[in-house]
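Numbering (the numbering used here), first residue to last: 1308 to 1592. Just so it is clear, CB atoms sit at the ideal spot from N, CA and C, and this is done for glycine as well. Notes follow once the structure below has been shown.
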Amino acid sequence: MSKQTYITLNDGNKIPQFGLGVYMVPAGEETETAVRTALDLGYRHIDTAHAYQNERSVGKAVRESGVPRDEAWITSKLWPSECGEGKTAEAIDKMLDRLGTDYIDLLLLHQQFGDYLGARRDMERAVAAGKVRSIGLSNFESDRLEEVLDAATIKPSVMQVECHPCYQQGELKKRLASYGTVLEAWYPLGHGDAGLLAERLFTKLGEKYDKSPAQVILRWHIQEGTIVFPKTTNPAHMADNIDIFDFELTDDEMARVRALDCGRRYFTLGLEEQEAALSAFVPAD
Ligand SMILES: NC(=O)c1ccc[n+]([C@@H]2O[C@H](COP(=O)([O-])OP(=O)(O)OC[C@H]3O[C@@H](n4cnc5c(N)ncnc54)[C@H](OP(=O)(O)O)[C@@H]3O)[C@@H](O)[C@H]2O)c1
């Protein structure tokens, strides 16, 4: 089994730095098989969301895996339609029910829309009630981040945003530094972008370490101190992706990957377009 690395969050909880993301994995057998395979391979962290509509399958696979509940880290996320004092408390109870668990390890506000300040208050109450262990944010890249940081009694333990070698989030890291909030990368492999995976530097480093370009990119994230959960349902990719704890990029190699940062995002909608697109969707219970 691969050696996992853990990061101690600003609330003292220890999160496995590497996991599996299940965005766009259909609920039912496909999600259950992916999560079960991952746990068998030594994965101990699953990233889901109400919006992914596969929380029930994630919870079932974790329960049936034989991995003790306190060794498996489950992250899920609240959609803007669930945000607001009172409403969020109910949404958390429904989430616990869908996941079939007594607590959620990490609960995030998925998007910077809706009554996120009211939602934060209920999330903090859920921590006090033992229903949630850690709380954080996702996609709060506008000045709404500072609004939440000012209002929060419990500072966010993580911030989950698009992050990969072409978009490394240096400015956001500076905004978060004094809060001890750790970056989680979505699209860690550029959503599987063929151009990113074919980048010459990753091929060369892969040859040196006998690893694939994807493994080199994931190793770079790990050494940057970022939390990653690449999505795959391909068992060979799943085994490869966790096999990154037996080599180390040198300082010079880390710097060469950092030099690839070119400000290129794969997700390019502006704030207003995002709000319009996302409000059109309300996840089913
Ligand atoms: N908070 C948010 O708003 C947000 C948004 C997006 C994503 N996320 C989270 O971040 C996770 C990861 O993002 P993502 O799934 O969109 O992108 P990603 O992990 O960067 O890329 C996934 C793609 O890479 C391919 N892939 C995986 N491992 C590979 C390997 N070893 N070699 C070659 N190709 C490989 C996968 O194909 P195969 O399945 O064929 O391997 C898939 O097409 C999501 O599952 C979700 O948990 C969060």
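Cβ neighbours of residue i in the same chain (closer than 6 Å, five flanking residues each side left out)
i	result
Tyr1516	Phe1554
Gln1475	Asp1568
Leu1346	Ser1372, Val1374
Gly1513	Ser1519, Pro1520, Val1523
Cys1473	Cys1569, Arg1571
Arg1482	none
Contact set for residue i: own chain, Cβ-Cβ below 8 Å, skip 5 residues either direction
i	result
Val1332	Thr1338, Ala1341, Tyr1359, Asn1361, Lys1538, Thr1540
Ala1505	Pro1520
Leu1496	His1471, Leu1503, Leu1504, Ala1521, Ile1524, Leu1525, Pro1537
Trp1380	Ile1322, Pro1323, Gly1326, Arg1351, His1352, Ile1353, Asp1412, Leu1413
Thr1510	Pro1520
Arg1563	Leu1508
Neighbourhood of residue i by C-beta, 7 Å cutoff - its chain only, sequence neighbours within 5 removed
i	result
Leu1585	Pro1387, Gln1418, Phe1420
Val1589	Ser1388
Leu1456	Lys1462, Tyr1486
Met1561	Trp1527, Gln1530
Met1308	Bear in mind that a pLDDT of 45 at Met1308, under 50, signals an unreliable position, so the number given afterwards is only what the model happens to contain. So the list reads Gly1349, once near-sequence residues are dropped.
Reference residue i, options the options, closest by Cα
i	options	result
Tyr1410	Ala1435, Leu1483, Glu1514	Ala1435
Gly1393	Ala1368, Ala1433, Thr1382	Ala1433
Glu1378	Leu1385, Arg1370, Lys1384	Arg1370
Gln1311	Ile1549, Thr1408, Met1561, Gly1328	Ile1549
Leu1406	Asp1354, Asp1429, Leu1456	Asp1354
Ala1459	Gly1425, Gly1502, Glu1336	Gly1425
Met1413	Gly1577, Asp1404, Met1430, Tyr1494	As written in the sequence, residue 1413 is Leu, which differs from the Met given in the question. Measuring from the Cα of Leu1413, the nearest candidate turns out to be Met1430.
Ala1543	Gly1335, Glu1336, Gly1326, Thr1344	Thr1344
Phe1325	Asp1450, Leu1508, Val1535	Val1535
Lys1438	Ser1449, Ala1398, Glu1454	Ala1398
Leu1415	Leu1556, Ser1383, Asp1422, Ala1396	Ser1383
Any C-beta of chain B under 8 Å from that of residue i
i	result
Gly1443	No chain B appears in this structure, which consists of one protein chain only.
What are the complete beta strand (DSSP E) segments, minimum 3 residues, inside the segment 1347-1378?
Within the segment 1347-1378, complete beta strand (DSSP E) segments of at least 3 residues are found at 1352-1354, given in chain order.
Please go through the segment 1405-1439 and give each complete alpha helix (DSSP H) segment of 4 or more residues, from N-terminal end onward.
Every unbroken stretch of the alpha helix (DSSP H) spanning 4 or more residues and falling wholly within the segment 1405-1439 is given here in chain order: 1423-1435.
Under 8 Å, with one C-beta from each stretch per pair, do the segment 1439-1453 and the segment 1467-1476 reach the 3-pair mark?
Verdict: yes, contact present.
Jot down the residue ranges of each uninterrupted beta strand (DSSP E) in the segment 1514-1578, minimum 3 residues, whole runs only, in chain order.
Under the rule that a run must span 3 or more residues, no beta strand (DSSP E) segment is found entirely inside the segment 1514-1578.
Cβ contact (3+ pairs, closer than 8 Å) linking the segment 1308-1321 and the segment 1481-1492
Three or more Cβ pairs closer than 8 Å define a contact, and the segment 1308-1321 meets that threshold against the segment 1481-1492.
May I have a chain-ordered list of the beta strand (DSSP E) segments no shorter than 3 residues that lie completely inside the segment 1442-1482?
Counting whole runs of 3 or more residues, the segment 1442-1482 contains the beta strand (DSSP E) stretches 1465-1469.
In chain order, which alpha helix (DSSP H) runs of at least 4 residues are fully inside the segment 1381-1407?
Within the segment 1381-1407, the complete alpha helix (DSSP H) runs of at least 4 residues fall at 1394-1406.
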